[in-house]
Amino acid sequence: MRTFLTFLGTAIAFTGIGWSAPAQAIPCRAYTVDAPDEPYQYREINNCPILNGTFTNSNWKVEIGQWEPAAYYYKGRNLSNGSSIELIDFDVTGTTDRPQYRFYNGNVTYIVSFRDSDPNTIRLEVYQRERRILNQLLYR
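In terms of mature numbering (1 follows the signal peptide of the UniProt record, and there is no 0), the sequence shown is residues -25 to -1, 1 to 115.
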């Protein structure tokens, strides 16, 4: 029996059949480099998908997009009371499969995340300091 198990293990290793570790997520990396020939004198390097568009649900409307290299805009409107906010920031985190674009207004952080496989749905999270005060899905 021991010989058979040794043979089986060798056969699996030799044929390439076997167990593999789950694929590792690739972190987002976004930064700027000097580019004197570019209109802004710099260029954005970003390995994560860029999200552009308007997303809504019954409570919120969010528009997000690239303002210029290394600057993304967030326009959010509360559909219940009409209040709104517009922010520009450059903080890209998450992974290439699930990027997060973060926008700051004092001690409030707005996080827009999405799955690269489903760019028609975003998750909007709002944190006041460390406490999450909003977590909703919005759709294109």
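Yeah, the Cβ is synthetic: ideal placement off N, Cα and C, and Gly gets one too. As the structure is a computational prediction, the values presented were derived from the model and not from experiment.
- Task: Compute the beta-carbon to beta-carbon distance between residue 76 and residue 87, rounded to the nearest angstrom, for a pair I have assumed lies under 8 Å.
- Result: 5 Å
- Evaluate the contact criterion for the region 13 to 20 versus the region 78 to 97: three or more CB pairs, one atom per stretch, below 8 Å. no
- Item | Separation of residue 100 from residue 6, as counted between CA atoms | 23 Å
- Task: Would you mind listing the beta strand (DSSP E) stretches within the region 46 to 92 that are 3+ residues and don't spill past its ends, in chain order?
- Result: 46 to 53, 59 to 64, 67 to 69, 74 to 80, 83 to 90
- Cα-Cα separation, residue 82 to residue 62: 14 Å
- Paired residues, beta bridge with residue 39 - DSSP: 28, 49
- Message: Using only the alpha-carbon positions, how far apart do residue 51 and residue -2 sit?
- Response: 33 Å
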